[in-house]
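Residue numbers for the sequence shown, in the numbering used here: 1305 to 1506.
Below is one structure, written out as structure tokens; comments come after it.
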Amino acid sequence: MFDARLRPLIDPPLTRMGAALARLGVSANAMTVTGFCLGLGAALAVVFGQFLLAFALVVLNRLADGLDGAIARATRKTDLGGYLDIVLDFVFYGALPFGFALHDPASNALAAAALLFSFYANGSAFLAYAIMAAKRGQTTAAQGTKSLYYLTGIAEGAETIGLFLVMCLWPAGFAWLAWGFAAICFVSAAARIVLAGATLKT
């Protein structure tokens, strides 16, 4: 929901940083994998109760996620780069709630399962429409220049990362936060399905 509004604010500095890194020989795929490792490090930090470290690693993960696209735009975009970006993002989105479940199974496991279920539903609606949009040649730059087209939703990347950061700052509230955001994700998935149904009829 907030991704498109944040783009005009974050894209200019990311573009400058990405161009500078490209001149130094840093590749977009290397930045993607680096960000993924930072994200897995955040999940591991959560497992061991190092929540402030997890917070910092989530921030660095997102910085790397923004820079990989900026580097690609400064050099060249590839299908492999787009593929790695979306797949590793989804793995990271699943890893952090799983880290909270491992940290305190008795308090967090059920809520983490509900959150992951909602991510699965929302992600399916997101990716299935992207396939259909590619067949139809649809493109958009509303969420920035992407390798795939997707429908906007209530729960997108900015909201998910905001949730993760709040969870790291308030780990005792994980279950409440997870159940609440799961409900939002299910509403978002339903809205995407309805909108996709209306769009794909034409």
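Glycine residues also receive a C-beta, built at the ideal position from the N, C-alpha and C atoms.
{"Asked": "Residues near residue 1398 in its chain [Cβ-Cβ closer than 8 Å; skip 5 each side]", "Found": "1420 and 1423"}
{"Asked": "Residue closest to residue 1471, alpha-carbon to alpha-carbon, out of 1412, 1317, 1381 and 1500", "Found": "1412"}
{"Asked": "Boundaries (first-last residue) of the alpha helix (DSSP H) holding residue 1460", "Found": "Careful: residue 1460 lies outside any alpha helix (DSSP H) and carries neither H nor E."}
{"Asked": "Three-way DSSP call (helix, strand, coil) for residue 1492 in this model", "Found": "helix"}
{"Asked": "Residue 1319 versus 1377, 1402, 1427 and 1432, residue with shortest Cα-Cα distance", "Found": "1377"}
{"Asked": "The region 1422–1440 / the region 1371–1387 touching (three or more Cβ pairs under 8 Å)", "Found": "no"}
{"Asked": "Residue 1331 (DSSP reduced to helix, strand or coil)", "Found": "coil"}
{"Asked": "Residues near residue 1428 by beta carbon distance below 8 Å, same chain, minus five either side", "Found": "1493"}
{"Asked": "Selection from 1379, 1404 and 1343 that minimises the alpha carbon distance to residue 1329", "Found": "1379"}
{"Asked": "Reference residue 1358; option with closest CA among 1391, 1432, 1505 and 1467", "Found": "1467"}
{"Asked": "4 or more residues per run - each alpha helix (DSSP H) lying fully within the region 1328–1415", "Found": "1332–1351, 1355–1378 and 1383–1407"}
{"Asked": "Nearest-angstrom beta carbon gap, residue 1418 and residue 1486 [assumed within contact, 8 Å]", "Found": "5 Å"}
{"Asked": "Pick from 1356, 1365, 1375 and 1342 that is closest to residue 1327, judged by C-alpha positions", "Found": "1375"}
{"Asked": "Given residue 1477 as reference, the closest of 1408, 1323, 1336 and 1395 once Cα atoms are compared", "Found": "1408"}
{"Asked": "Buried/exposed call for residue 1317, threshold 16 Cβ in 10 Å", "Found": "exposed"}
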